[in-house]
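Please read the structure below before turning to the comments.
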Amino acid sequence: MNLHEYQGKELLSSFGVRIQRGIVAQTADEAVAAAKKLTEDTGTGWHVIKAQVHAGGRGKGGGVKLAKNLDEVKDIAGQIIGMNLVTPQTSAEGKKVHQVLVAEDVYYPGDNKPEEYYMSVLLNRGTGKNMIMYSTEGGMDIETVAEETPHLIFTEEIDPALGLLGFQARRVAFNLGLSGTAFKEMTKFVSALYTAYVKSDASLFEINPVLKTSDDKIMAVDSKVTLDGNALFRHKDLAALRDKREENPIEVEAGELGLNYVDLDGNVGCMVNGAGLAMATMDLIKQAGGEPANFLDVGGTADAARVEAAFKIILKDPAVKAILINIFGGIVRCDRVAQGVIDAYTNMGNINVPIIVRLQGTNADIAKELIDNSGLDVLSATEFQEAADKVQNVLS
Ligand code: GDP
Ligand code: MN
Numbered sequence: 404m405n406l407h408e409y410q411g412k413e414l415l416s417s418f419g420v421r422i423q424r425g426i427v428a429q430t431a432d433e434a435v436a437a438a439k440k441l442t443e444d445t446g447t448g449w450h451v452i453k454a455q456v457h458a459g460g461r462g463k464g465g466g467v468k469l470a471k472n473l474d475e476v477k478d479i480a481g482q483i484i485g486m487n488l489v490t491p492q493t494s495a496e497g498k499k500v501h502q503v504l505v506a507e508d509v510y511y512p513g514d515n516k517p518e519e520y521y522m523s524v525l526l527n528r529g530t531g532k533n534m535i536m537y538s539t540e541g542g543m544d545i546e547t548v549a550e551e552t553p554h555l556i557f558t559e560e561i562d563p564a565l566g567l568l569g570f571q572a573r574r575v576a577f578n579l580g581l582s583g584t585a586f587k588e589m590t591k592f593v594s595a596l597y598t599a600y601v602k603s604d605a606s607l608f609e610i611n612p613v614l615k616t617s618d619d620k621i622m623a624v625d626s627k628v629t630l631d632g633n634a635l636f637r638h639k640d641l642a643a644l645r646d647k648r649e650e651n652p653i654e655v656e657a658g659e660l661g662l663n664y665v666d667l668d669g670n671v672g673c674m675v676n677g678a679g680l681a682m683a684t685m686d687l688i689k690q691a692g693g694e695p696a697n698f699l700d701v702g703g704t705a706d707a708a709r710v711e712a713a714f715k716i717i718l719k720d721p722a723v724k725a726i727l728i729n730i731f732g733g734i735v736r737c738d739r740v741a742q743g744v745i746d747a748y749t750n751m752g753n754i755n756v757p758i759i760v761r762l763q764g765t766n767a768d769i770a771k772e773l774i775d776n777s778g779l780d781v782l783s784a785t786e787f788q789e790a791a792d793k794v795q796n797v798l799s
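Throughout, our numbering is defined as the position within the sequence shown, counted from one, plus 403.
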């Protein structure tokens, strides 16, 4: 589950990570009130208005702007709220902005020039350890840094049983070329960031940029937080931060129906029981010249009600030109699934894409008979390849 920047920052702050302070606003007037309050609390005269959507690269897309007075706060917030923000990380349609973060300007001039760094905490599955990735090249796209100047990216591996050790936090500060106050600030920043990552059961914390202010404070200017969905049951407060508006609406609906569904770009809808079989089915569709429109695991109980729910979800995607149902009847009996398909098809009435059903396992022969005699526009198959050939036929 992903958090908004402002939610991630609140989480970080609760663990003692210094952040660029801000207040979230839903309207231009709220943004002005937020700016006034921030000026009282922080003394800042300038504010940055930041679109809150689940996508990075907002700066490049015009979703992060500096306001030098309250009129500008109102104008900019008015422009950004309601816009469809297109960034390198969104689709071409972009993402609708429902709210902005009004934040204090932290790039104020002073004794030193402000500096931007990159830092993330994540799990290295290869070593089974947590890892802090960091770089002097902050504020830019880290993928580009990795491609063009990989020697400027450092990693620090942390044994989860030992936690982040003092010398490791100091090494991070040293490699970033810091000294004096900024060095001490950075070791505190890194420790607090790592604690926040562990205690919130996150799978990613990415802070880009981490800022060294002109007066040597180290703070998080941005935050991208991904929480481990499997651990949310023990973080009710964090689970409540979910913003379904940011998620694919069909996936949200499928989740509520208990279906394991992932929306994809192709034209062949899949309805399969078991994740492994679903993956194999997607491979087969590709081999047959199609592209899977989705991943869908209906689970162990493929009864009429579930099949119907799955049909409805698949058909919400207008790109679907054919549906391949691939069920292995191990625990479920194929004839019951076949009856489920027939009932669901009859109930829905308006399915106007060809359906290929491949049922294998217990009572597969009875199932094939049921489908073949149903009089419905459903093609049956018993072999995997046969099903693929039929998909190819209906697509061509
Ligand atoms: P992203 O583009 O979605 O990654 O959003 P960020 O939160 O990283 O903001 C984008 C850029 O806005 C940063 O890299 C900064 O250069 C700039 N920015 C953020 N906060 C401030 C600020 O307080 N003052 C100024 N002048 N620029 C800022
Ligand atoms: Mn950023």
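Glycine residues also receive a C-beta, built at the ideal position from the N, C-alpha and C atoms.
Residue i versus residue j - alpha carbon distance
| i | j | result |
| --- | --- | --- |
| valine 781 | asparagine 527 | 46 Å |
| threonine 490 | isoleucine 759 | 39 Å |
| methionine 589 | isoleucine 621 | 6 Å |
| serine 417 | glycine 669 | 43 Å |
| alanine 770 | valine 675 | 16 Å |
| aspartate 746 | arginine 739 | 10 Å |
| glutamate 519 | asparagine 487 | 28 Å |
| glycine 448 | isoleucine 483 | 20 Å |
| asparagine 776 | alanine 767 | 14 Å |
| isoleucine 728 | glutamate 408 | 40 Å |
| alanine 458 | isoleucine 610 | 13 Å |
| leucine 641 | glutamate 789 | 48 Å |
| phenylalanine 586 | valine 593 | 11 Å |
| alanine 643 | alanine 428 | 19 Å |
| threonine 749 | proline 553 | 58 Å |
| glycine 732 | leucine 607 | 39 Å |
| alanine 725 | glutamate 694 | 10 Å |
| lysine 647 | serine 582 | 43 Å |
| arginine 645 | leucine 406 | 7 Å |
| isoleucine 598 | glycine 566 | Position check: residue 598 holds threonine in this sequence, whereas isoleucine was assumed. The straight-line gap from Cα to Cα measures roughly 9 Å. |
| alanine 696 | alanine 722 | 7 Å |
| valine 744 | leucine 667 | 23 Å |
| glycine 658 | glycine 679 | 19 Å |
Three-state secondary structure assigned by DSSP to residue i
| i | result |
| --- | --- |
| isoleucine 774 | helix |
| glutamine 763 | strand |
| phenylalanine 418 | coil |
| valine 489 | coil |
| glycine 583 | helix |
| leucine 607 | strand |
| aspartate 666 | strand |
| proline 512 | coil |
| valine 628 | strand |
| asparagine 527 | strand |
| proline 517 | coil |
| leucine 779 | coil |
| alanine 495 | coil |
| asparagine 405 | strand |
| glutamate 507 | strand |
| lysine 602 | helix |
| alanine 784 | strand |
| valine 500 | coil |
| lysine 615 | strand |
| alanine 643 | coil |
Residue i Cβ short of 8 Å to the ligand GDP heavy atom set
| i | result |
| --- | --- |
| arginine 461 | yes |
| glycine 702 | no |
| glycine 466 | yes |
| threonine 490 | yes |
| glutamate 408 | yes |
| valine 500 | no |
| glycine 679 | no |
| alanine 458 | yes |
Heavy atom of the ligand MN within 8 Å of residue i beta-carbon
| i | result |
| --- | --- |
| valine 825 | There is no way to answer for residue 825, as the model of the chain reaches only from 404 to 799. |
| asparagine 611 | yes |
| aspartate 508 | no |
| glycine 425 | no |
| valine 624 | yes |
| glycine 752 | no |
| glycine 542 | yes |
Entirely enclosed beta strand (DSSP E) segments - the segment 670–758, minimum 3 residues: 671–675, 697–700 and 725–732
If we count Cβ pairs, one from each stretch, closer than 8 Å, do we get three or more for the segment 534–548 versus the segment 558–570? yes
Touching by the beta-carbon criterion (3+ pairs, under 8 Å), the segment 497–510 and the segment 566–586: no
Inter-stretch contact at 8 Å, needing at least 3 Cβ pairs: the segment 420–432 / the segment 650–659: no
Which residue spans inside the segment 531–599 form an unbroken beta strand (DSSP E) run of at least 3? 532–538 and 556–561
Is there contact here, the segment 459–466 with the segment 431–445, by at least three beta-carbon pairs under 8 Å? no
Segment contact, 8 Å Cβ cut-off, at least three pairs: the segment 632–642 with the segment 587–606: yes
Check whether the segment 616–630 touches the segment 683–694, taking contact to mean three or more Cβ pairs, one atom from each stretch, closer than 8 Å. no
Runs of alpha helix (DSSP H) lying entirely within the segment 412–491, each at least 4 residues, in chain order: 431–445 and 473–483
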